[in-house]
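Colleague: First the structure, which I've put down as structure tokens, then a few questions once you've had a look.
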Amino acid sequence: MLKFIKTALVAGLLLATTHATGEPTTDVPLQLKGKLTQGALLLGKTAPTAKVELNGDTVTVTPDGHFVIGFARKADLEQQLSVTVKGATRTQTLQLSEREYNIERVDGVPQRTVTPDPEQVKRTKREAAKVWKARQTKSQRNDFLTPLVKPAEGRISGYYGSQRILNGEPRNPHYGEDIAAPTGTPVKAPWSGVVTLAEPDLFYSGGTIIIDHGYRVNTTYLHLNSVDVSVGDTIEQGDVIGTIGATGRATGPHLDWRVNWGNERLDPSLLPALYQQPLALD
Numbered sequence: 000m001l002k003f004i005k006t007a008l009v010a011g012l013l014l015a016t017t018h019a020t021g022e023p024t025t026d027v028p029l030q031l032k033g034k035l036t037q038g039a040l041l042l043g044k045t046a047p048t049a050k051v052e053l054n055g056d057t058v059t060v061t062p063d064g065h066f067v068i069g070f071a072r073k074a075d076l077e078q079q080l081s082v083t084v085k086g087a088t089r090t091q092t093l094q095l096s097e098r099e100y101n102i103e104r105v106d107g108v109p110q111r112t113v114t115p116d117p118e119q120v121k122r123t124k125r126e127a128a129k130v131w132k133a134r135q136t137k138s139q140r141n142d143f144l145t146p147l148v149k150p151a152e153g154r155i156s157g158y159y160g161s162q163r164i165l166n167g168e169p170r171n172p173h174y175g176e177d178i179a180a181p182t183g184t185p186v187k188a189p190w191s192g193v194v195t196l197a198e199p200d201l202f203y204s205g206g207t208i209i210i211d212h213g214y215r216v217n218t219t220y221l222h223l224n225s226v227d228v229s230v231g232d233t234i235e236q237g238d239v240i241g242t243i244g245a246t247g248r249a250t251g252p253h254l255d256w257r258v259n260w261g262n263e264r265l266d267p268s269l270l271p272a273l274y275q276q277p278l279a280l281d
């Protein structure tokens, strides 16, 4: 049984609000929901006309003032969020909690998927480019505003962030949450969205689906036994998109599902916090 070292989601949030002229102001609305920790997605709310930046990079705001931001597995613990409305700028220092990740040893993986030959390496590079392209969609959907549903029922067998050692060889960290269940178990869309990738047999991930949910948020589903959607399909929350399998680099049937914000790979287990009480900003 794999052991998971749970992170203590203890974080502070420092507030500094200034006017463009340097005078204090409280005229800039800001609400944040989620966990202040590495690997988290945050849901923000401000004025519809606001300009939002995270560490100097522009963050797109929905017509009703919502926005999302995310932090990588090993993101810097101090993040700068600025919100400008009608010349007044509110600068928020977000202090993230640092997470500790377990080492997961997985044996019995098909060796060809651990140390692929040169032709297989070429294939994986082509497939990686296809996956990268599918994750670059920047639509104006806002499906993430609706509380999500679980994509599948089963036992949690793998955790986000864990350092993987496959057949004794160190490999990349795990960027998803694994749900173990029998082959053929339905996989449902946690949010509505549009399918941007539907592949039945990728080298590492086997049957793979990517769904765009808007504003750079997308989810990925790996090792599927069946892929029951096509690129361009509009999916409603709760629709069955495929079934659990053991395709690609897998030792048994499970769903590896992931959430991304642009190029940042985030922790699916933290998503329920988006729909809880707002963070205290004082």
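In terms of numbering that gives the first Met the number 0, the sequence shown is residues 0 to 281. Using N, Cα and C, we set each Cβ at its ideal position, and we do this for glycine too. Since the structure is predicted, the reported quantities are computational estimates derived from the model, not experimental observations.
Do you know offhand how far residue 165's Cα is from residue 214's?
Modeller: Rounded to whole angstroms, residue 165 to residue 214 spans 34 Å at the Cα level.
Colleague: Check residue 268 in the structure and name its three-state DSSP category.
Modeller: Three-state DSSP puts residue 268 in a helix.
Colleague: Taking contact to mean 3 or more Cβ pairs, one atom from each stretch, closer than 8 Å, check whether the segment 181 to 199 and the segment 41 to 51 are in contact.
Modeller: Judged by Cβ distances under 8 Å, the segment 181 to 199 makes no contact with the segment 41 to 51, as fewer than three pairs qualify.
Colleague: Is residue 241 near residue 229, with beta carbons less than 7 Å apart?
Modeller: No, the pair does not count as a contact, with Cβ atoms beyond the cut-off.
Colleague: Output needed for residue 126: all residues of its chain with C-beta closer than 7 Å, excluding positions within five of it in sequence on either side, in chain order.
Modeller: Correct list, in chain order: 201, 202.
Colleague: Are the beta-carbon atoms belonging to residue 128 and residue 269 less than 7 Å from one another?
Modeller: No, the pair does not count as a contact, with Cβ atoms beyond the cut-off.
Colleague: Below 8 Å CB to CB, which residues in the same chain sit around residue 21 once its five sequence neighbours on both sides are set aside?
Modeller: Model confidence at residue 21 stands at a pLDDT of 44, short of 50, so the residue's coordinates are unreliable; what they give is reported in the following sentence. The answer is none, since no qualifying residue turns up.
Colleague: Contact check, residue 189 vs residue 148 under 8 Å by CB: the rounded distance?
Modeller: Yes, they are in contact, since the Cβ atoms of residue 189 and residue 148 sit about 5 Å apart, within 8 Å.
Colleague: Per DSSP, what kind of secondary structure is residue 122 in: helix, strand or coil?
Modeller: DSSP places residue 122 in helix when its eight states are reduced to three.
Colleague: For residue 369, count neighbouring Cβ atoms within 10 angstroms of its own Cβ and tell me buried if that reaches 16, exposed if not.
Modeller: Past the boundaries of the shown model lies residue 369; the chain is included only from 0 to 281, so the question cannot be answered.
Colleague: Let me know the secondary structure DSSP gives residue 133 once reduced to three states.
Modeller: In this structure, residue 133 counts as helix in the three-state DSSP scheme.
Colleague: Please check the pair residue 150 and residue 260, which I expect to be a contact at CB under 8 Å, by giving their CB distance rounded to whole angstroms.
Modeller: Contact flag wrong, Cβ pair sits at about 18 Å.
Colleague: Rounded to a whole number of angstroms, what is the C-alpha to C-alpha distance between residue 97 and residue 53?
Modeller: C-alpha separation (whole angstroms): 19 Å.
Colleague: Just how far apart, CA to CA, sit residue 271 and residue 94?
Modeller: So the alpha carbons of these two residues sit roughly 20 Å apart.
Colleague: Considering only residues of the same chain and omitting the five flanking positions on each side of residue 133, which have a CB-CB separation below 7 Å?
Modeller: Answer for residue 133: 195, 196, 209, listed in chain order.
Colleague: Buried or exposed: where does residue 296 fall if 16 or more other Cβ atoms within 10 Å of its Cβ makes it buried?
Modeller: One cannot answer for residue 296 here, as it falls past the ends of the chain, which runs 0 to 281.
Colleague: Assign residue 264 to buried or exposed, taking buried as 16 or more other Cβ atoms, counted over all protein chains shown, within 10 Å of its Cβ.
Modeller: Buried: at least 16 other Cβ atoms inside 10 Å.
Colleague: Using only CA atoms, which one of 156, 43, 29, 161 lies nearest to residue 283?
Modeller: No information on residue 283 is available, as it lies outside the stretch 0 to 281 that the chain covers here.
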